[in-house]
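Asker: The structure that follows is given in the form of structure tokens.
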Amino acid sequence: MIPNSSSDMDGTKRKSVTISEKIEETPKQDEDKLIQAIGEFGRWHVMLTMTLSAPIRMTAVWNHLGIIFLAPKTEFICAERRNNNETIQESECYSDCTEYEYKTDFVNTIISEWDLVCDRAWLTNFNQTACMSGVLLGSIVFGFFADRFGRRPALLTACTTQLIAGFTAPFCPNYITFTLVRFFNGAAVAGALLTSFILMIETTGISKRELMNCIVSVPLSVGEMIMPMFSYYLRSWTRYSLGLALPNLVFLVLFFIVPESPKWLISVGRLEEASLIMTKIAKWNRLPTEGMMDRVKIIAFESNVDEHKNVKATYLDLIKVQEIRWKNIGCCLTWFILGLSFYGSNQYIGQTSPNVFVAIAMAGAIQIPGILLSGYLCKRFGRRHTLIFLFILCGISNALLSVPDDWYYFKLFIGSTAVSSASGAFATVYMFTTELFPTVARNMAMGASSTVSRIGSMLAPFIAGLTATGPWIPPTVFGLVPFAAAVACYCLPETRGKKLKDHFGET
């Protein structure tokens, strides 16, 4: 029997605490021994976050929105016809026209390069559709790749593909080649976005995730703000594409500084590799490195790695495994509605200024307050309540955009509120989704959610186009659907202060 007290040599009694009593005295909170070993958010984390978030996030938004300046508003006139007896009107299509002349604020665009007018005008939208289709495929493929073979190879493959595609685009000889390049670039961007975020959150401490999430999210808005600068000074689609490709050279540095996720390595039983990487991170963060292998073994034992390391998750597990099925359905619904409503919010801001450069820069700047607010709210009130509040705010704001156009300043304020709340919701749902799923399926869950989000974004223009049928239809749809997302978030479990799980069934 373990005594409750003992005496020192001087006769002073000292209370002895049993193991069971010590456990009972410990606060009921999740402890992540991996984070205790490498630090919550030290010098290494700052270096990795800045190196990954700035280039990957900024180039991602350039890819998604690049079509705005690749194919800007372009007026045309038929310069040569087989039948010259008729008067030629500007921006009028003629079946016997053999050559067009173009009038635009740019030196040349993909419209003027490949005559994407009249019966070929649909090819402009098809190019953007191909890019977004690449994003869809990339989310699925790289999600599986990262969970099966590791975060590092998936990330480096995506970045290398993006680098090659970026420098290929300006030299494409024809429309088909250019569209294919945009497809692969979209797939690579999706893969880089997802795997880089997962890698960062898996190595960040519980109490610092909100800070990391804000740091990672802001470059998206900054990228959107500075993108007009490229197009303003590089007014040829070839020079513009080349200018956007040059920052991709930073990806070469990632081969030398990006490690594999130690959390993923432990989950698949590669303990020695995990120990080496954790030792290097601890040295960067000026933390003790003694006994790192023993710590790794303890983490692996507590996670039952020997029992789970040979289990390979697939996309079917997101539906088959009961404990994550409803989480996956809730996340997919939330992401779909967010993709839909985010476009609905942004469409108004894009119309507030006749100058496209000012409009895009404004849309980017307005997102930053929402991102910063979401970080504070997540820290203070948790993920669920933050998302519910932001979705309700976004829905109300979208609905109020139906007021008369004469209320210009009111609509500008409401539109800005809608964009800011939607961007904050996007930042929050990225972090929330990664925390809901175990390491072995985390990237696939993010990939599935991101895929349905892009579907929502692709459907949104069709809803916006219903204005001709009834002006009240788009504001009503964009105003109501966020409330459905708020309900879905309410049904999901809170993850604030919880450590990331590694396997199915882990408590």
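Read in order, the letters of the sequence shown are residues 49 to 555 in my numbering. The beta-carbon is built from N, C-alpha and C at its ideal position, and this holds for glycine as well. Since the structure is predicted, the reported quantities are computational estimates derived from the model, not experimental observations.
Determine, using beta-carbon pairs with one atom in the region 418 to 434 and one in the region 518 to 527, whether at least three such pairs fall under 8 angstroms.
Answerer: The answer is no - the region 518 to 527 does not touch the region 418 to 434, with fewer than three Cβ pairs under 8 angstroms.
Asker: What residue does the alpha helix (DSSP H) around C426 start on, and which one ends it?
Answerer: Numbered from its first residue, the sequence shown carries residue 426 at position 378. Here the alpha helix (DSSP H) through C426 covers 404 to 429.
Asker: Determine which residues share a DSSP beta bridge with E128 and list them.
Answerer: Counted from its first residue, the sequence shown places residue 128 at position 80. According to DSSP, E128 bridges with E147.
Asker: I want to know whether the region 148 to 158 touches the region 277 to 289 - three or more CB-CB distances under 8 angstroms.
Answerer: The region 148 to 158 is in contact with the region 277 to 289.
Asker: Hey, quick one: how far does the alpha helix (DSSP H) through C207 stretch, first residue to last?
Answerer: As a working note, residue 207 is residue 159 in the sequence shown. 199 to 216 is the span of the alpha helix (DSSP H), which, as asked, contains C207.
Asker: Give me, in chain order, the residues of the same chain whose beta-carbon lies closer than 7 angstroms to that of C442; leave out the 5 immediate sequence neighbours on both sides.
Answerer: Here residue 442 is taken as the residue at index 394 of the sequence shown, counted from 1. Only S389, S393, A466, S469, A470, A473, P530 meet the Cβ criterion.
Asker: For L448 versus P523, is the C-beta distance shorter than 9 angstroms?
Answerer: Position 400 of the sequence shown, counted from the start, is the residue given in the question as residue 448. Position 475 of the sequence shown, counted from the start, is the residue given in the question as residue 523. Yes.
Asker: By alpha-carbon positions, which one of T543, P509, T482, I503 ends up nearest to G191?
Answerer: As a first step, residue 191 is located in the sequence shown; it is residue number 143 there, counting from the start. It is T482 whose Cα lies nearest to the Cα of G191.
Asker: Indicate the three-state DSSP secondary structure (helix, strand or coil) for E371 in the structure shown.
Answerer: Reading the sequence shown from its first residue, position 323 is the one you call residue 371. In this structure, E371 counts as helix in the three-state DSSP scheme.
Asker: Assuming T107 and N296 are in contact, meaning their beta carbons sit under 8 angstroms apart, how far apart are those beta carbons, in whole angstroms?
Answerer: Taking the sequence shown and counting its residues from 1, the one referred to as residue 107 is at position 59. Taking the sequence shown and counting its residues from 1, the one referred to as residue 296 is at position 248. Yes, they are in contact, since the Cβ atoms of T107 and N296 sit about 6 angstroms apart, within 8 angstroms.
Asker: If you draw a straight line from the alpha carbon of R257 to that of L421, how long is it in whole angstroms?
Answerer: Here residue 257 refers to the residue found at position 209 of the sequence shown. Here residue 421 refers to the residue found at position 373 of the sequence shown. Cα to Cα, the separation comes out at about 14 angstroms.
Asker: May I have the straight-line CA-CA distance separating I329 from T97, to the nearest angstrom?
Answerer: In the sequence shown, the residue the question calls residue 329 occupies position 281. In the sequence shown, the residue the question calls residue 97 occupies position 49. Answer to the nearest angstrom: the Cα atoms are 13 angstroms apart.
Asker: Closest to A202 by CA distance: which of E308, F232, T517 is it?
Answerer: As a position in the sequence shown, residue 202 is number 154, starting the count at 1. Comparing Cα-Cα distances from A202 to each of E308, F232, T517, the minimum goes to E308.
Asker: Less than 6 angstroms between C-beta atoms, sequence neighbours within five positions excluded: which residues of the same chain meet that for P267?
Answerer: Locating residue 267 in the sequence shown gives position 219, where the first residue counts as 1. Answer for P267: S101, A102, R105, M106, listed in chain order.
Asker: Starting from S284, follow its DSSP beta bridges and name the residues at the other end.
Answerer: Within the sequence shown, the letter at position 236 stands for residue 284. BP columns for S284 point to N156.
Asker: For a test of the three-state rule: what should DSSP assign to E320, helix, strand or coil?
Answerer: One-based indexing of the sequence shown puts residue 320 at position 272. Helix.
Asker: Kindly list the residues whose CB is nearer than 6 angstroms to the CB of I414, restricted to its own chain and excluding five residues on each side of it in sequence; keep chain order.
Answerer: Stepping through the sequence shown from its first residue, residue 414 is reached at position 366. Once the five neighbours on either side are set aside, the close Cβ partners of I414 are S464, V467, S468.
Asker: Under the DSSP definition of a beta bridge, which residues are partnered with E123?
Answerer: As a first step, residue 123 is located in the sequence shown; it is residue number 75 there, counting from the start. Answer is K151, bridged to E123.
Asker: Just the Cα atoms here: how many angstroms apart are C537 and F384?
Answerer: Reading the sequence shown from its first residue, position 489 is the one you call residue 537. Reading the sequence shown from its first residue, position 336 is the one you call residue 384. Their Cα atoms are separated by approximately 13 angstroms.
Asker: Can you list, in chain order, the residues of its chain with a C-beta nearer than 6 angstroms to that of W162? Leave out the 5 residues immediately preceding and following it.
Answerer: Walking along the sequence shown from the start, residue 162 turns up at place 114. Contacts found: Y223.
Asker: To the nearest angstrom, how far is it from the Cα of C539 to the Cα of T434?
Answerer: As a first step, residue 539 is located in the sequence shown; it is residue number 491 there, counting from the start. As a first step, residue 434 is located in the sequence shown; it is residue number 386 there, counting from the start. Using only the alpha carbons, I get a separation of about 14 angstroms.
Asker: Inspect the CB distances between the region 234 to 244 and the region 206 to 222 and report whether three or more fall short of 8 angstroms.
Answerer: Touching, yes, given that three or more Cβ pairs across the two stretches are closer than 8 angstroms.
Asker: Should F304 be flagged as near chain C, meaning a C-beta pair shorter than 9 angstroms?
Answerer: Within the model displayed, chain C is absent; a lone protein chain is all it includes.
Asker: Under 9 angstroms between the Cβ atoms of I254 and E371?
Answerer: As a working mapping, residue 254 is identified with position 206 in the sequence shown. As a working mapping, residue 371 is identified with position 323 in the sequence shown. Going by C-beta atoms, I254 is not nearer than 9 angstroms to E371.
Asker: Tell me which residue opens and which closes the alpha helix (DSSP H) that A235 is part of.
Answerer: In the sequence shown, the residue the question calls residue 235 occupies position 187. 223 to 250 is the extent of the alpha helix (DSSP H) around A235.
Asker: Within its chain, find whatever has a CB closer than 6 angstroms to the CB of S279; leave out the 5 residues flanking it on each side and keep chain order.
Answerer: Within the sequence shown, residue 279 is the residue found at index 231, counting from 1. F117, Y288, listed in sequence order.
Asker: Do three or more CB pairs link the region 166 to 182 to the region 231 to 239 at distances below 8 angstroms?
Answerer: Yes, the region 166 to 182 touches the region 231 to 239.
Asker: Starting from the Cα of A194, find the closest Cα among G504, A361, G418, T543 and give me that residue.
Answerer: Working through the sequence shown from its first residue, we reach residue 194 at position 146. When each option's Cα is compared against that of A194, the closest is A361.
Asker: Considering only the alpha carbon of each residue, which of A348, Y391, L292, E140 lies closest to G114?
Answerer: If you number the sequence shown from 1, residue 114 lands on position 66. Considering only alpha carbons, the answer is L292.
Asker: Cβ of R196 versus every heavy atom of the ligand SAM: is any distance shorter than 8 angstroms?
Answerer: Among the components of this structure there are no ligands whatsoever, and the ligand SAM is therefore not found.
Asker: If we count Cβ pairs, one from each stretch, closer than 8 angstroms, do we get three or more for the region 363 to 380 versus the region 488 to 499?
Answerer: The answer is yes - the region 488 to 499 touches the region 363 to 380, with three or more Cβ pairs under 8 angstroms.
Asker: Rounded to a whole number of angstroms, what is the C-alpha to C-alpha distance between I305 and M410?
Answerer: Position 257 of the sequence shown, counting from 1, holds the residue named residue 305. Position 362 of the sequence shown, counting from 1, holds the residue named residue 410. The alpha-carbon atoms of I305 and M410 are separated by roughly 34 angstroms.
Asker: According to DSSP, is R196 helix, strand or coil?
Answerer: Numbered from 1 along the sequence shown, position 148 holds the residue referred to as residue 196. Reduced to three states, the DSSP call for R196 is helix.
Asker: Mark M260 as exposed unless 16 or more other C-beta atoms lie within 10 angstroms of its C-beta, in which case mark it buried.
Answerer: Locating residue 260 in the sequence shown gives position 212, where the first residue counts as 1. The residue is buried, with at least 16 neighbouring Cβ atoms inside 10 Å.
Asker: Using three-state DSSP, classify Y363 as helix, strand or coil.
Answerer: Counting from one through the sequence shown, the residue named residue 363 turns up at place 315. Reduced to three states, the DSSP call for Y363 is coil.
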